[in-house]
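Position 20, counted from 1, in the sequence shown is what UniProt numbering calls 20; the numbers after and before it change by one each time, with no gaps. Just so it is clear, CB atoms sit at the ideal spot from N, CA and C, and this is done for glycine as well. Here the structure is a predicted model, which means the values were calculated and not measured. I have placed the structure first, in the form of structure tokens, so that the comments after it can refer back to it.
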Amino acid sequence: MAKACQPNENLFDDICGSKKEISKQDCASPSPTDTDCLIDSERIPGPSQGPLEAVFFNEHEDNLEKALFFNELGLIEENCENDSNNENWVDLKVKHVSGLPEINLSASFCTTPKSSLYKRHDFSYFDRSVKKRKLECNNGCPNKKSTSEDKDSTSDYNNTQNSSKGIGATPQRCWPTIPTKDNPPPELSNWLSQFVRWSNAERLMALNELIARCEPTQVRHMMQVIEPQFQRDFISLLPKELALKVLSFLEPRDLLRAAQTCHSWRILADDNLLWKEKCKEAGIEEIPRRRSSPRTMVRTHLSPWKAAFMRQHAIEMNWRYKPIRTPKMLKGHDDHVITCLQFSDNKIVSGSDDNTLKVWSAVTGKCLRTLVGHTGGVWSSQMSGNIIISGSTDRTLKVWDAESGVCRHTLFGHTSTVRCMHLHGMRVVSGSRDATLRVWNIETGQFLHVLVGHRAAVRCVQYDGRLVVSGAYDYMVKVWRPETEECLHTLEGHMNRVYSLQFDGIHVVSGSLDTSIRVWEVETGECKHTLMGHQSLTSGMELRNNILVSGNADSTVKVWDILTGQCLQTLSGPHKHQSAVTCLQFNSKFVITSSDDGTVKLWDLKTGEFIRNLVALDSGGSGGVVWRIKANETKLVCAVGSRNGTEETKLLVLDFDMDSNGGILITR
């Protein structure tokens with residue numbers, strides 16, 4: 001007995017929905033080689049050893065499909081009966097399935113040695129004289145007894161066999177085949193031809209009606225056929241220029257994921273000019289020139305600009321998450337205060353009130369040179385390449401060769417401490433407590449101009465090669481044209497000493513002891529905004545792309561938009577500094593701040609969130625101070641010490657670069 005399974009009820013309805021009685025019709029027996037008239041299927045097992053030959057007489061093929069379907073589901077029960085010709089006739093009955101109406105499917109099959117000329121597992125068709133029975137869906141089909149007609153069937157069968165061998169051959173007839181994709185029914189072909197001629201609206205209406213009449217399984221089949229049509233790789237079909245334009249709207253992280261999609265996408269996503277634009281957006285202006293190991297060359301050969309972007313991303317992750325190892329300690333200046341700090345090209349210059357400057361290697365931590373010559377404390381410095389300029393309480397400026405340590409020029413002229421300076425090209429502008437500013441040529445050591453107008457000590461100065469801006473203890477900010485020694489504007493408004501300045505060529509930003517920050521337009525001298533929010537002296541500021549970051553003695557740091565005057569972020573909260581902010585620096589991602597509390601903190605520029613402490617002195621809170629900080633892309637230099645001897649004066653160098661193989665030290 002065949003195995004039972006649970007068929008779909010809809011399939012039963014489709015197959016057994018119509019009850020048709022089989023009409024008698026002539027059908028010549030096929031020859032052994034005429035396979036076009038044979039329908040392959042699983043054999044329905046009978047009680048004898050010969051293959052089963054199904055007798056179906058129906059001009060349509062519904063009944064054959066029913067028999068094949070129920071046999072495949074294993075729902076056929078067999079009732080056997082022998083006739084007088086020693087033929088085994090099988091009455092097939094469909095098993096009852098729980099939840100469905102009882103279906104009896106009665107069919108006649110015979111097994112006989114004479115039928116061995118047919119293929120095993122084939123349902124074939126006999127001559128019309130073979131015993132004919134009905135295949136129908138009813139409430140039961142009792143076994144039929146042999147009649148005289150059965151006896152005649154054997155004779156007719158023999159005649160059929162002789163005909164197949166050419167003895168009294170009669171015209172042969174092939175039974176219609178089941179419709180297939182390559183042989184659709186005529187009605188379907190006609191409908192498709194008509195569908196093509198319809199308008200778009202008519203086609204949509206026809207499809208809607210067709211879907212409404214489909215069973216869920218048929219709708220699911222439609223989805224499986226249609227869905228791949230919407231998964232085409234449109235990027236690869238576009239011209240390269242358009243494809244790159246589309247990809248240019250992706251964020252770098254999404255662009256990296258797109259490169260993993262397929263080979264063609266990877267070629268597009270690795271395009272050098274595409275990554276050059278991404279680098280430009282990220283503030284990467286040039287490809288770093290580094291000695292590469294074979295390992296890094298393999299990784300980055302596709303796109304130098306992509307490699308530059310990936311390197312910066314790796315370094316950014318290191319700043320955020322890399323475990324901070326013990327920094328290099330550069331000890332010098334004894335217990336004196338480090339008053340000024342410069343850092344460029346892995347070269348560090350520290351100036352101190354011990355009258356000296358020291359040149360250090362940021363890579364090895366060794367002191368390369370000690371610049372001796374001033375007779376008073378060094379309070380200001382600038383560096384460009386191998387040239388170092390220093391200003392001292394001895395009222396002079398000195399120009400040094402960083403490689404040899406030789407003093408090239410000593411610039412005399414000021415009558416008091418040189419408190420500030422700014423270098424641009426081969427010219428430096430110095431501000432002094434004598435209330436004047438002087439312009440010098442550092443290549444020749446020549447004095448060029450003197451700017452007179454302030455009534456108190458000059459505390460800060462900025463120079464862009466065209467204009468000089470100075471802030472002083474007389475509460476004034478002045479704009480100068482150095483070539484003519486003319487004061488173009490006097491910016492009045494502050495109510496106390498001006499301690500800090502920033503100048504980008506368009507705007508002047510001044511910070512004062514009156515707690516305010518003012519934004520001025522340099523061409524007109526007009527005050528555009530007064531930024532209020534700090535509670536004390538603004539000790540340090542930095543301006544980039546109209547974003548200003550200010551540090552204050554009230555222990556807070558603020559981020560401003562100078563075009564609108566809006567405060568974007570206040571870097572405070574539970575992790576804020578516990579004492580005055582001494583120094584700060586920022587880029588497009590981070591803000592780094594130092595404080596009298598002995599800490600250096602890292603903040604997120606856009607969100608204002610505290611990231612972590614980069615430095616935390618053990619003596620912090622009991623005298624340890626971070627006086628100055630300088631950072632580049634991969635390193636942070638901190639000048640630390642104390643006012644009471646609790647912390648040794650030294651420089652700390654922290655490294656956040658990639659490892660020697662070009663790999664990422666840590667990522668998340």
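ASN318 is classed as buried because its beta carbon has at least 16 other beta carbons within 10 Å across all chains shown.
Shortest Cα-Cα distance from LEU273 to any of ILE287, GLN260 and ARG311 involves ILE287. With a 10 Å radius around the Cβ and a threshold of 16 neighbouring Cβ atoms, TRP360 comes out buried. ASP254 carries a helical assignment under DSSP once its states are collapsed to helix, strand and coil. Linking LYS278 to PRO185 through their CA atoms gives a straight-line distance of about 59 Å. Between THR356 and VAL337, the CB-CB gap reaches or exceeds 7 Å.
The residues TRP265, ARG266, ALA269 and ASP270, in chain order, have a CB closer than 7 Å to that of ALA259 in the same chain once the five nearest residues on each side in sequence are set aside.
In this structure, VAL625 and GLY641 form a Cβ contact; the two beta carbons are roughly 6 Å apart against a cut-off of 8 Å. Here DSSP, grouped into helix, strand and coil, assigns TRP305 to helix. Annotated as distal: SER350 and HIS374, with beta-carbon spacing of 7 Å or more. Note that the C-beta distance between GLN462 and LEU501 is below 7 Å. Distance between LEU537 and ARG408, taken at the CA atoms: about 37 Å.
Inclusion of ARG455 and ASP474 in the CB contact set at 7 Å is warranted, their separation being smaller than that value. For GLN231, no alpha helix (DSSP H) segment is defined, and its DSSP state is neither H nor E.
DSSP places TYR473 outside both helix and strand once states are collapsed to three, so it counts as coil. In the three-state DSSP reduction, THR217 falls in the helix class (H, G or I). Taking 7 Å as the cut-off, the beta carbon of VAL439 is found no closer than this to the beta carbon of VAL452. As DSSP reads the structure, SER579 sits in no beta bridge. The straight-line gap separating the alpha-carbon atoms of GLU316 and LYS306 is approximately 15 Å. By the CB criterion at 7 Å, GLN569 and GLY511 fall outside the cutoff. As DSSP reads the structure, LYS630 sits in a beta bridge with VAL637. Straight-line measurement puts the Cα of GLU492 at about 45 Å from the Cα of SER404.
The beta carbon of GLN312 sits closer than 7 Å to the beta carbons of ALA282 and ILE284 from its chain, once the five residues preceding and following it are set aside; these are given in chain order. Distance from THR599 to ASN613 at the Cβ level is roughly 6 Å; contact confirmed, criterion being Cβ atoms closer than 8 Å. Restricting attention to beta strand (DSSP E) runs no shorter than 3 residues, the UniProt repeat "WD" (411-450) encloses them at 418-424, 427-432 and 436-441, ordered along the chain. Between VAL469 and VAL508, the beta carbon gap of about 5 Å places them in contact (Cβ cut-off 8 Å). Between THR646 and GLY621, the CB-CB gap reaches or exceeds 7 Å. Counted as a single uninterrupted DSSP element, the alpha helix (DSSP H) harbouring SER264 occupies residues 263-269.
Looking only at ALA435, GLU215 and LEU238, the smallest Cα-Cα distance to LYS478 is reached by ALA435.
Spanning the alpha carbons of ARG197 and MET205 requires a straight line of approximately 14 Å.
HIS221 and PHE195 have their C-alpha atoms roughly 20 Å apart. Around the beta carbon of ILE506, fewer than 16 other beta carbons sit within 10 angstroms, so the residue counts as exposed.
Contact check for LEU368 against LYS630 fails: the beta carbons are separated by 7 Å or more. Between PHE610 and GLY573 a beta carbon distance of about 6 Å is seen, short of the 8 Å cut, so the two are scored as contacting. Inclusion of HIS449 and GLU486 in the CB contact set at 7 Å is not warranted, their separation being larger than that value. The three-state reading of DSSP puts HIS374 in coil, since its state is none of H, G, I, E or B.
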